[in-house]
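Number of protein chains: 2
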Amino acid sequence: MGEGAVADEELTKEKHADELFKDFREVSITEFFRKNRAHLGYSGKVRSLTTIVHEMVTNSLDACEEAGILPDITVAIKEKGPEHYKITESDNGPGIPAAHISDVFGKMLAGTKFHRNIQLRGQQGIGISGVTLYSQMTTGKPMRIKTCTGDNKVVDIQLLIDITKNKADIIETKNYEEYWRGTTIEVEVKGVLYNLSEQGPFEYLRRTAIANPHAKITFIDPEGRKTVFDRSTNEVPKPPSEMKQHPKGLEVDDLVNMAKASKSRHVSSLLSTELSRVSGAKVKEIQELVSFDLNKNPRKLAWAEAEEIINAFKKVDFMAPPLEGLRPIGEGQIKKSVLSILNPEFETTLTRPPKVHSGGVPFQVEVAVAYGGKAGRVAGEGVKAEVMRFANRAPLLFDAGGCGITTAVNGVEWKRYGIKDFENSPITIFVNLVSVHVPYTSAGKQSVADDDEIIKEIRFALMDLGRRFQRFHSRRRRAIEQEARLNTLLKYSMELASAISKLIDRDKEQEKIAKDLEKFIREKVKFDEELLGDAESEEELTEAELEEVSEEEEDKTEI
Amino acid sequence: MGEGAVADEELTKEKHADELFKDFREVSITEFFRKNRAHLGYSGKVRSLTTIVHEMVTNSLDACEEAGILPDITVAIKEKGPEHYKITESDNGPGIPAAHISDVFGKMLAGTKFHRNIQLRGQQGIGISGVTLYSQMTTGKPMRIKTCTGDNKVVDIQLLIDITKNKADIIETKNYEEYWRGTTIEVEVKGVLYNLSEQGPFEYLRRTAIANPHAKITFIDPEGRKTVFDRSTNEVPKPPSEMKQHPKGLEVDDLVNMAKASKSRHVSSLLSTELSRVSGAKVKEIQELVSFDLNKNPRKLAWAEAEEIINAFKKVDFMAPPLEGLRPIGEGQIKKSVLSILNPEFETTLTRPPKVHSGGVPFQVEVAVAYGGKAGRVAGEGVKAEVMRFANRAPLLFDAGGCGITTAVNGVEWKRYGIKDFENSPITIFVNLVSVHVPYTSAGKQSVADDDEIIKEIRFALMDLGRRFQRFHSRRRRAIEQEARLNTLLKYSMELASAISKLIDRDKEQEKIAKDLEKFIREKVKFDEELLGDAESEEELTEAELEEVSEEEEDKTEI
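So the sequence lines, in the order shown, correspond to chains W and C. Residue numbers for the first sequence follow my numbering, so the first one is 1321 and each next one is one higher. Residue numbers for the second sequence follow my numbering, so the first one is 1321 and each next one is one higher.
What follows is the structure, encoded as structure tokens:
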């Protein structure tokens, strides 16, 4: 540290710390996002418009799902001038209680979702206030909200955000009676652009419909064209339920915070009531592994003690996290909605059982592969591989390059499964990550962090589908090859029969000889086929082998 | 909206809005980032460690630069157990005034940089508090800070963050005298991993040294090995200065906010004193274009009036933003530090003049291309193209796929410049984006948003270098071809000379004939060469043609 010693002469030219810190101040979260709008997805004209639609629609779907309502959503985009649009979104959801409207739309980091361990599309309490902010930043106009919770008392309100205070600035409120339940919101923005690109609102809504077969979504585009994505099922999905954290993957910090806030009288009861899958018997096992009495007061749990408990969790076997809290789309529905429109030659879907990622957060992976037919993405004259990413059924259209789902897809050696040139194959990969907390890389929620557990799980699921594809593919290849072989042999069998009959001078038996030969050939080819089939099934990888494969490759993903 | 009408029977199964909103609450910014740590770059073990080093080092470099001090920084990483490290970072910077220490390290969204229009690496007031948070989340231990502003009064403090209040929780403070100036910080974290990968701390510091030739950086790795990246210049870079916003690219919202906060008495004086390049003459031009008197009180400026001014800005010509506020590395320094270590066959650098991106924010692009020698990235047996991304001299090692710099590099048709297989070429592309506000895609600051202006500017700069490469490449190719042609001709010239001399029966003149022939051939080859050279120079694209090219391609980038 001697090198930092102060030379008087130097100091005269240098600035003193006090001068540098004279402007030190705190900013509000709204000021922060106003300046860093790209964090929220507001970069680029098309993307900004899609972001607005995304925030509106995910809120409506979440609200309907929680309330147990079949969603009926309408989105209308109207052009008001160059790069200037009005967006109106309307749902038949539960409505918003009057007391909360201003915070929902005019305050960031406020909401019902952040602190609950429940699977919803939204989770941050930022997105929809971000739309209000973007509207006021580009046109100076307020967001207008009309909502009713079913009591016929409609609130019709217009608000801006007070940026320095991070709270709503209410411009106008009207109250009136109407027999209606739902929410309609409207904003006017500039600096955005509507087009039909793969990252535009139309494609966003199309994919939303694919992953939400219970939702009816109506879209009216700037030219007034109406598209209805109708629901393919009338079943109301069971509302997601709040889940306790699972001990596996829970971190010391989580437990310490939980203990501080706990109302339990003993650490032992905290463990058995506030965590998932911790029975009284498990508490006893944990007691054996720690150096202190689990009867102690949770508010007095020290970091080192919490660390002992977390280490004990790693040694104890617990049941896997419960299924009921997570709401996958389900293999049947995926098949119906995703695959039917692609009309592929081959299709397969898989919903893996739930796992936990960091912090004891349960998650689940659903994947599907479609090959041939309309699968893949049309690019110029050819077809390219297409990856449809979803998180809790919300489409992820942006930031594919930085997304863990992309990492997982690229981590599969498709060649091994007979897909030689993955990039240029007529293939659609569908991945839906279901979790009570999706580790997004930014507040814009368009890509998932490279979490080892999540990537591994998606990769395994895709490898499983890869093996299924391989079986189909090699069966198809074998069928083609067998047919070719058979045809060749049969072609010669006639000539051979003729030659043989001549040789043995029994012309009239030529037909019988030919038939015998054909029968012999067909049997022989079939026999070869069966032998081949057996040999090939041995090539399959078992789950154990897969684990080995992944162990070897672990270095690659550990970044 | 009739479809949303309430059926009594339905409601009985559905949940009411009041029930759904019973858990509505506000969270602090620290709680938000605690749960969404991936936004700050804490995803993956290696990345998390690099993020910590990054936050520490950028703060030190910023502080030294602002104070006009030649930075001397030491980073030491010590292994305490499996995935458990202690990181110590020390600088000879200006120190931190005692009153601000707790906010700098223990409060998010507080700092000296956010609201100033000045080019610094840090800009959010989040990063270093994020390190404190990550330390307490993984080990429960406080960050320790020892600092002195040069008055010999050392403050040695240990603090955590009170997550719900977003403020420092001070554990211990010691005050003593020492003849020293600078700051040393220390944290202990778990769940991280040190390795020598391309995304590890060593590579991070190596690249930091490359882009900051005035800094001396000492690194002590977990095995105790010491590496010194010494400075290659002793010149203290001129501290960056605060810049006024430039009218071009300023948005209505910016002007409205500026007007609200302004101390000017008239809108006209606001324009001429608070913006860059707006002279009295320009104010008169603007007055001609708007419908109201610019003498009005800025606090009374309406949105529509601000919009008129912004529209007027678009029609008026202003001087380009001033150079002095931005601090590029400079072509000479890039050449010295970036290119010398690669020892390439071909190298070229370019610092473009400043431009403005959204919100009137000045920015500047520096690019370099190195080809051959040690350029490129060693991958297995071969060499692949390498892109080194920097923003305000800070290396961007992560999220390359989602970064606008990557979009720009991929947007260049390298084939046009004679690089047939870019991906597999021994080429290093260096890009440094210099700006008073870099539009990062997330709080982790590892990728730049796809801003049209920025992408265009980087692409143009790279296309320029591409043309330079092409000239070198075709010269080199021509040189090789010419040599080959010459050698072939010369080889036959001896035989030809011998044949001619025999033919005309003058054996003794054979030598002279050979010499004449050689002279003739050499001249002929040289002449061809010159002709070729002239023809080729006509192929060059002018700036005007480039603009056209970009216009055509604009659709691609407008997302």
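Glycine included, C-beta positions come from ideal geometry on N, C-alpha and C.
Please report the Cβ distance between residue i and residue j, rounded to the nearest whole angstrom; I am assuming they are in contact, meaning their Cβ atoms lie under 8 Å.
{"i": "E1523 (chain W)", "j": "L1717 (chain W)", "result": "7 Å"}
{"i": "S1657 (chain W)", "j": "D1771 (chain W)", "result": "Contact flag wrong, Cβ pair sits at about 27 Å."}
{"i": "P1641 (chain W)", "j": "R1713 (chain W)", "result": "Between R1713 (chain W) and P1641 (chain W) the Cβ distance is about 19 Å, and since that is not below 8 Å, they are no contact."}
{"i": "G1431 (chain W)", "j": "I1481 (chain W)", "result": "No, G1431 (chain W) and I1481 (chain W) are not in contact; Cβ-Cβ is about 15 Å, not under 8 Å."}
{"i": "I1649 (chain C)", "j": "N1752 (chain C)", "result": "6 Å"}
{"i": "V1451 (chain W)", "j": "M1376 (chain W)", "result": "7 Å"}
{"i": "H1359 (chain C)", "j": "T1469 (chain W)", "result": "That belief does not hold up - the Cβ atoms of H1359 (chain C) and T1469 (chain W) are roughly 33 Å apart, past 8 Å."}
{"i": "N1617 (chain W)", "j": "S1588 (chain W)", "result": "Not really, about 11 Å apart at Cβ, beyond 8 Å."}
Between residue i and residue j, is the Cβ-Cβ spacing less than 8 Å?
{"i": "A1531 (chain W)", "j": "F1710 (chain W)", "result": "yes"}
{"i": "M1428 (chain W)", "j": "N1486 (chain W)", "result": "yes"}
{"i": "I1421 (chain W)", "j": "I1465 (chain W)", "result": "yes"}
{"i": "N1412 (chain W)", "j": "I1389 (chain W)", "result": "yes"}
{"i": "Q1443 (chain W)", "j": "V1758 (chain W)", "result": "yes"}
{"i": "I1606 (chain W)", "j": "L1591 (chain W)", "result": "yes"}
{"i": "L1595 (chain C)", "j": "P1567 (chain C)", "result": "yes"}
{"i": "F1792 (chain C)", "j": "I1654 (chain C)", "result": "no"}
{"i": "Y1496 (chain W)", "j": "V1512 (chain W)", "result": "no"}
{"i": "A1705 (chain C)", "j": "P1664 (chain C)", "result": "no"}
{"i": "T1458 (chain C)", "j": "K1400 (chain C)", "result": "no"}
{"i": "E1777 (chain C)", "j": "R1842 (chain C)", "result": "no"}
Pick from the options: whose alpha carbon is nearest that of residue i?
{"i": "R1796 (chain C)", "options": "C:V1756, C:G1738, C:Y1760", "result": "C:G1738"}
{"i": "T1296 (chain C)", "options": "C:N1730, C:E1701, C:S1611, C:E1667", "result": "Nothing about residue 1296 (chain C) can be read from this structure; chain C reaches only from 1321 to 1879."}
{"i": "I1446 (chain W)", "options": "W:N1515, W:R1367, W:I1349", "result": "W:I1349"}
{"i": "I1407 (chain C)", "options": "C:Y1514, C:K1333, C:L1480, C:A1337", "result": "C:Y1514"}
{"i": "K1546 (chain W)", "options": "W:Q1653, W:R1526, W:G1450, W:K1564", "result": "W:R1526"}
{"i": "D1338 (chain C)", "options": "W:V1474, W:I1372, W:P1417", "result": "W:P1417"}
{"i": "T1727 (chain W)", "options": "C:A1720, C:G1724, C:V1732", "result": "C:A1720"}
{"i": "T1484 (chain C)", "options": "W:K1580, W:V1603, W:K1333, W:T1593", "result": "W:K1580"}
{"i": "V1756 (chain W)", "options": "W:N1730, W:K1740, W:Q1684, W:E1555", "result": "W:Q1684"}
{"i": "E1543 (chain C)", "options": "C:N1617, C:Q1456, C:L1516, C:P1557", "result": "C:L1516"}
{"i": "Q1790 (chain C)", "options": "C:I1800, C:W1734, C:V1587", "result": "C:W1734"}
{"i": "V1689 (chain C)", "options": "C:E1831, C:T1669, C:V1698, C:E1555", "result": "C:T1669"}
Exposed or buried, residue i, counting other C-beta atoms within 10 Å across all chains shown (16 or more means buried)?
{"i": "L1340 (chain C)", "result": "buried"}
{"i": "S1611 (chain C)", "result": "exposed"}
{"i": "S1582 (chain C)", "result": "buried"}
{"i": "D1423 (chain C)", "result": "buried"}
{"i": "E1627 (chain C)", "result": "buried"}
{"i": "I1393 (chain C)", "result": "buried"}
{"i": "D1613 (chain C)", "result": "exposed"}
{"i": "T1528 (chain W)", "result": "buried"}
{"i": "E1508 (chain W)", "result": "buried"}
{"i": "I1629 (chain C)", "result": "buried"}
{"i": "I1448 (chain C)", "result": "buried"}
{"i": "A1632 (chain C)", "result": "buried"}
{"i": "E1872 (chain C)", "result": "Reliability fails at E1872 (chain C), whose pLDDT of 41 lies under 50, so the model's placement of it is uncertain and no value is given."}
Check the Cβ of residue i against every Cβ in chain C and list those closer than 8 Å, keeping chain order.
{"i": "D1741 (chain W)", "result": "Neighbours of D1741 (chain W) on chain C: none; closest Cβ ~16 Å, over 8 Å."}
{"i": "G1600 (chain W)", "result": "What G1600 (chain W) touches in chain C: nothing, since even the nearest Cβ is about 28 Å away."}
{"i": "N1356 (chain W)", "result": "Q1444, P1759, Y1760, A1763"}
{"i": "S1767 (chain W)", "result": "G1722"}
{"i": "G1738 (chain W)", "result": "Within 8 Å Cβ-Cβ: nothing; G1738 (chain W) doesn't reach chain C, min ~24 Å."}
{"i": "P1417 (chain W)", "result": "A1337, D1338, F1341"}
Note down, in chain order, every chain C residue with its Cβ under 9 Å from the Cβ of residue i.
{"i": "P1682 (chain W)", "result": "Those within 9 Å of P1682 (chain W) in chain C number zero; the least Cβ separation is about 15 Å."}
{"i": "V1475 (chain W)", "result": "None at all; the shortest Cβ gap to chain C is about 12 Å."}
{"i": "T1469 (chain W)", "result": "H1336, A1337, D1338"}
Give the residues of chain C in contact with residue i, contact being defined as C-beta atoms less than 7 Å apart.
{"i": "A1579 (chain W)", "result": "The premise fails here: A1579 (chain W) is roughly 12 Å from chain C at the closest Cβ pair, so nothing lies under 7 Å."}
{"i": "H1534 (chain W)", "result": "Simply none; closest approach about 14 Å."}
Can you list the residues of chain W that residue i reaches, using a CB-CB cut of under 9 Å?
{"i": "A1387 (chain C)", "result": "E1334, K1335, H1336, A1337, E1339, L1340"}
{"i": "T1458 (chain C)", "result": "E1571, V1572, D1573"}
Residues of chain W with CB closer than 7 Å to the CB of residue i, please, in chain order.
{"i": "G1650 (chain C)", "result": "Under the 7 Å cutoff, chain W gives no residues; its nearest Cβ is about 21 Å from G1650 (chain C)."}
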